[in-house]
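Just below is one structure, and these are the notes that go with it.
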C-alpha cells in the first residue's frame, strides 16, 4: 500500500508512549517507515526536534512525509487514515474516526496524569500522595466513563468502532486497553463484565493478520515504568 | 459565507470553556448558528447528549450540521476550517493549523488540571494543597514552554500563525492568552517581555472587524470560577 519514499517516524526510543499509536497504524497499513530514534537513539531525536522550524512540532511523535512534518498523534493518524485508507473516506466517517481518536488521546493524557498529577517535570516519587488520590478517581470514575463510552459506540455499530471494517481508532483503542490492563489489572478485571464489546475488539485487533509480525517482533516495545501506562501496584485496586 | 440551515452548537451555557473556541470560529466566519444551551438551558443540553447515538459525542461541545454530529473541539474546528475557508486548503497548511489547534487543546487541558489536579469530580476546595503545587509547575514550566512554542511559530512565519492570513488557531490562541491573563495575571506580566509576537497576535484578534460585534455583545461569556480558566489569587505569582 506504500507509495513514494518511506516516512520517518520520530519518537522516544525507550517507551511505547504516544508513538505506539502511530506505529500500529503504519504497521497495520503495511506502510514503509523508518523508526529514526529507535535506529539512532533518543539523543538524535532531541537534536532533530531542536532544529525544526516551519511546520515545527511541539513534541514527539512527529512524522516526516516528504515536505510535510506532521505532529500531534491524532493529526498524524488523520493524515495516515486519508492517505492509506485506514479510515472511512466519507465526511461523517472520517470525522467520527478522528473524534474517537481524540477521545482516546484524552484518556491517555489522564492515564499519564494519574502518576504525575502535580507536574510532568517531577518524579513519581515526589508526588505519590497526590497520585494515590488521583488514581482512585481515575479508577472509579474515569476508566468506566471512557470505556463505557466506547462500549456504547460499539453497541451502536460494531463489530469495529466505525462498523464493518477496522480503522485507525480501533488500533488505538486496542493499545489503550492493553495499557490500562498493564497499569490497572485489578480494576480492569472488576470492570470486564460490562465491557464485553471493548474487550472483544481488543482481542480482534490482537489477532489481525496485518499486525501478527509486528506484535511478535522486538519492534513492539513493552509497557514500562518510564512510559504513560505504568504499573505501580499501590495505584491499582479492585 | 453561510450555506444551508444554521448549525446547532451545544455547550454548557454558564462558562466560555471549550465551546468558546468553536464560537469564535463561527462568529469570525459569519456562520449562522444557534447556541442551543444558551437559548434553552444546560438541562436541555444534558438531555440532548443522553439521547444521541451513532455519531455519539463523549462530551460537549458538539456541533450538529445537517446529518453530521461533530464532537471534540479541534475536530469541529477542522470541519469549520475546511467548510468555511477558516484555514489553508493545502495539505501542509491544513495539517499545521490542526496541529496548532491540538497544541492549544493540550495547554487548555493542563490549565484546567491546575485547579483540579486530583479529580475533575471533586471541588477545588477539596484539592487546594495539590493545586498549589500544580500551579507552581504550570506557571514556571508549562506556560513558558507552550507560549514560547507559539512565539517561535510566529517568528517562523507571522504575523498570523499560518502566515499572511488569519485562520482558526489564531482565534484559539487569542482565547488561550485571554484565559491565562485572567487566571494568572501576575505571571503573565512577568512573561510578557518574551512574548511580544504572541501578545501582538492576541491584540490583533481582539481588533478583528469580523469579531467586533460579538466581542462587544452579551453572547461573549466572561471568564468565571466555574470554567477552565479560573482566577484564584493563591495560585498566581510573579
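Residue numbers (our numbering), protein chains in the order written: chain A, 108 to 345; chain B, 108 to 345.
Backbone N, C-alpha and C fix where the C-beta goes; we use that ideal spot for every residue, glycine too.
The Cβ-Cβ distance between residue 209 of chain B and residue 182 of chain A falls below 9 Å.
Excluding residues up to 5 positions away in sequence, 149, 333 lie with their Cβ nearer than 7 Å to the Cβ of residue 121 of chain A in the same chain. Against chain A, the beta carbon of residue 256 of chain B has neighbours under 8 Å at 163, 165, listed in chain order. Proximity of residue 279 of chain B to chain A, defined by a Cβ-Cβ separation below 9 Å, is not satisfied.
In this structure residue 214 of chain A is not in contact with residue 275 of chain A, their Cβ atoms being roughly 16 Å apart against a cut-off of 8 Å.
Residues of chain B with a Cβ closer than 8 Å to the Cβ of residue 272 of chain A do not exist, since the nearest Cβ in that chain sits about 17 Å away. For residue 186 of chain B, the neighbours in chain A by C-beta distance under 9 Å run, in chain order, 198, 202.
In this structure, the beta-carbon distance from residue 114 of chain A to residue 125 of chain A does not fall below 9 Å. Close CB contacts of residue 205 of chain A within its chain, under the 7 Å cut and outside five residues either way in sequence, are with 181, 185 (chain order). Along the segment 216-299 of chain A, the alpha helix (DSSP H) occurs as fully enclosed runs of 4 or more residues at 235-244, 250-263, 275-290, 292-298, listed in sequence order. Judged by their CB atoms, residue 132 of chain A and residue 193 of chain A are nearer to each other than the 9 Å cut-off. Within chain A, no residue has its beta carbon less than 9 Å from that of residue 331 of chain B; the closest one is some 23 Å off. Pairing residue 312 of chain A with residue 278 of chain A gives a Cβ-Cβ distance under 9 Å. Beta-carbon to beta-carbon, residue 238 of chain A and residue 222 of chain A are separated by about 5 Å, close enough to satisfy the 8 Å threshold. Under the three-state reduction of DSSP output, residue 193 of chain A falls in the coil class, being neither helix nor strand. Straight through space, the alpha carbons of residue 343 of chain B and residue 268 of chain A are spaced by roughly 43 Å. The criterion of a C-beta distance shorter than 9 Å is not satisfied by residue 161 of chain A and residue 288 of chain B. The Cβ of residue 249 of chain A sits closer than 9 Å to at least one Cβ of chain B. Non-local C-beta neighbours of residue 328 of chain A in its own chain, meaning closer than 6 Å and more than five positions away in sequence, comprise 123, ordered along the chain.
Under the DSSP assignment, residue 120 of chain A falls outside any alpha helix (DSSP H); it carries neither an H nor an E label.
For residue 237 of chain A, the residues of chain B that pass the 9 Å Cβ criterion are 224, 225, 234, 236, 237, 240, 241, in the order they occur in the chain. Residue range 140-142 is occupied by the beta strand (DSSP E) that includes residue 142 of chain A. Secondary structure at residue 306 of chain B: helix, using DSSP grouped into helix, strand and coil.
Buried is the label assigned to residue 164 of chain B, since at least 16 other Cβ atoms lie within 10 Å of its Cβ. Membership of residue 342 of chain B in any beta strand (DSSP E) is not indicated, and neither H nor E is assigned to it by DSSP. Check the Cα spacing between residue 249 of chain B and each of B/217, B/331, B/323: the tightest is with B/217. Under DSSP, residue 321 of chain A takes part in no beta bridge, so it has no partner. For residue 171 of chain B, DSSP records a beta bridge to B/115, B/176. Secondary structure of residue 206 of chain B (DSSP, three-state): helix.
Residue 154 of chain B is not a Cβ neighbour of residue 169 of chain B, given a cutoff of 9 Å. Only those residues of the segment 211-222 of chain B whose C-beta falls short of 7 Å from the nearest C-beta of chain A are listed: 216, 220.
What residue 260 of chain B touches in chain A, judged by beta-carbon distance under 8 Å, is 163, going in chain order.
The continuous stretches of alpha helix (DSSP H) do not include residue 166 of chain A, and DSSP gives it neither H nor E. In terms of CA proximity to residue 310 of chain B, B/280 leads the group B/188, B/280, B/200, B/174. The straight-line gap separating the alpha-carbon atoms of residue 265 of chain A and residue 326 of chain A is approximately 30 Å. For residue 282 of chain B, no Cβ of chain A is located within less than 9 Å of the residue's own Cβ.
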